[in-house]
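Asker: The sequence shown finishes on residue 420 if you use the working numbering, and the numbering steps up by one all the way, no holes. Could you have a look at this structure, given as structure tokens, before my questions?
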Amino acid sequence: MKTTLKIEITIKAICEGFVYNELEGKGLFGLSGKLTIQPEYQRNYIYSSDGGKKEVAVIESILKGYPIGLIYFNKVDDDGLEVLDGQQRITSIGRFVTDKFAIKDENGNPQNFSGMAKDKQDKILITTLLIYECEGKESEIKEWFKTINIAGVPLNNQELLNAVYSGPFVTLGKEEFSNSQNANIQKWGAYVAGSVNRQDFLERALDWVSKGNVGDYMSRHRFDKNVAELKRYFGSVVDWVSSVFIDVESEMRGLEWGRLYEQYHKKAYDPVKVTGEVRKLYGDPYVKNRKGIFEYILGGSTDTKLLDVRIFDEATKRSIYSTQTAKAEKKGQSNCSNCVIGHDANKCKIWSFGEMEADHVSAWSKGGKTTAKNCEMLCKTHNRAKGNR
Ligand SMILES: [Zn+2]
């Protein structure tokens, strides 16, 4: 790969013909059309999120004469360049010069580019940027792109995969799942965590359809001219969840719905009954893990481990242990009530505190409370054999 340092390119030249696409959230062209600011394998523009602090910082740095760092262009052909690294910074500059956002002046008032004094405007426009122009094979450039993290926000896993497997499939996938203008995003956001711009929705859709093998799937479908399967599968999962669970709860966000769909979508559920059960568990003070409620219900309401039901505290267990043991010693039998009715040598065994576990006499799932009154110590073997606590 060949690189040449360019030091004479001004902001004015870069911003010549700058176009920002509001719908797709990206800067498109500069240098009078010669420069493609956001090639398809680049991430969306994210400097405007967080209240735009980052894009304001870029402009303030330029006004103060601070360097804004190296920028890398890829020479595509004699007449074409694309931004390899620096897309966020260039888009910030282009957006400012075209009045898409304002900075604060000395008095703290908002000021956009066209409202600035001429000398300040010129200061920005004649600023030159440090640009490396790279020339090389596509594979070299992509490999290198994968390893650079020069910009302030490192690429995340899905952004890297989008770069590595760039092509029609990624482009179409991003159009559907990385587009904040997509009207479905709000509905999907009830079940998928993360941000559209950072590719979290696309990642989830790929993760679900590929059963966790995102890279493989992207490689196999790289040159597909449609994303029908991806859309269909994602839609099936979301439709299934929303038909089984009518109420949308905040704990549903980010659960492994793809796995749960695979495991349970062929089972029939009565949504009304399910809703009642969800509400009851939400109101149960003993349920510590609300995120587990949905899988618990899907699995037939037996695996209480998923709910992390509040357990007996140490003091309760110790006090029950000593009462139970004192009684047992008096009678000359085991302090585990299940051992007493057994037929082996343990009939009379006095277990130590550490060899026993607390059990709900009346099971929690059948309404038993986690209180001393409902607590019994059993030897570990018998407690574990009881299972559903
Ligand atoms: Zn026992």
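Where is the CB? At the ideal position from N, CA and C, for every residue including glycine. Given the structure is predicted, the values throughout are model-derived calculations rather than measurements.
For a test of your reading of the model: does the CB of T412 fall under 7 Å from any non-hydrogen atom of ligand 1? Yes or no.
Answerer: Checking the Cβ of T412 against ligand 1 gives yes.
Asker: Considering only C-alpha positions, which residue in the set F384, S383 and S365 is nearest to D375?
Answerer: The candidate whose alpha carbon is nearest that of D375 is S365.
Asker: Run the proximity test for N369: is its beta-carbon closer than 7 Å to any non-hydrogen atom belonging to ligand 1?
Answerer: Checking the Cβ of N369 against ligand 1 gives yes.
Asker: With F200 as the anchor, note down where its alpha helix (DSSP H) starts and where it stops.
Answerer: Counting along the chain, the alpha helix (DSSP H) containing F200 begins and ends at P199 to F208.
Asker: Do three or more CB pairs link the segment 382–393 to the segment 316–336 at distances below 8 Å?
Answerer: At 8 Å Cβ cutoff, the stretches do not touch.
Asker: Report yes or no: do three or more beta-carbon pairs, one from the segment 58–65 and one from the segment 84–101, lie closer than 8 Å?
Answerer: Verdict: no, contact absent.
Asker: Output the boundary residues of the alpha helix (DSSP H) element that contains A236.
Answerer: Here the alpha helix (DSSP H) through A236 covers D231 to V240.
Asker: What is the rounded straight-line gap between the Cα of D247 and the Cα of V309?
Answerer: Whole-angstrom Cα-Cα distance: 37 Å.
Asker: Mapping DSSP to helix, strand and coil, what is A182?
Answerer: Confidence at A182 is low in this model, with a pLDDT of 48, below 50, so its placement is unreliable and the value that follows should be read with caution. Coil at A182, not helix or strand.
Asker: Looking only at its own chain, which residues have a Cβ that is under 7 Å from the Cβ of Y317, when we skip the five neighbours before and after it?
Answerer: Counting only Cβ-Cβ distances below 7 Å, and skipping sequence neighbours, we find V340, R341, W395 and T401.
Asker: Closest to F325 by C-alpha separation, out of A346, D344, Y295 and Y352, would be which residue?
Answerer: Among A346, D344, Y295 and Y352, the Cα nearest to that of F325 is on Y295.
Asker: Heavy atom of ligand 1 less than 7 Å from the Cβ of I215, yes or no?
Answerer: Strictly speaking, residue 215 in this sequence is Asn, with Ile absent from that position. Answer for N215: no, Cβ out of range of ligand 1.
Asker: Considering N369, what are the terminal residues of the beta strand (DSSP E) in which it resides?
Answerer: Element bounds for N369: not the beta strand (DSSP E) but the alpha helix (DSSP H), S368 to V371.
Asker: Taking all protein chains shown into account, do 16 or more other C-beta atoms lie within 10 angstroms of the C-beta of A359, making it buried, or fewer, making it exposed?
Answerer: A359 is buried by the Cβ-count criterion.
Asker: Using a 10 Å radius around the Cβ and a threshold of 16 neighbouring Cβ atoms, would you call A194 buried or exposed?
Answerer: Classification of A194: buried, given that the 10 Å Cβ count is 16 or more.
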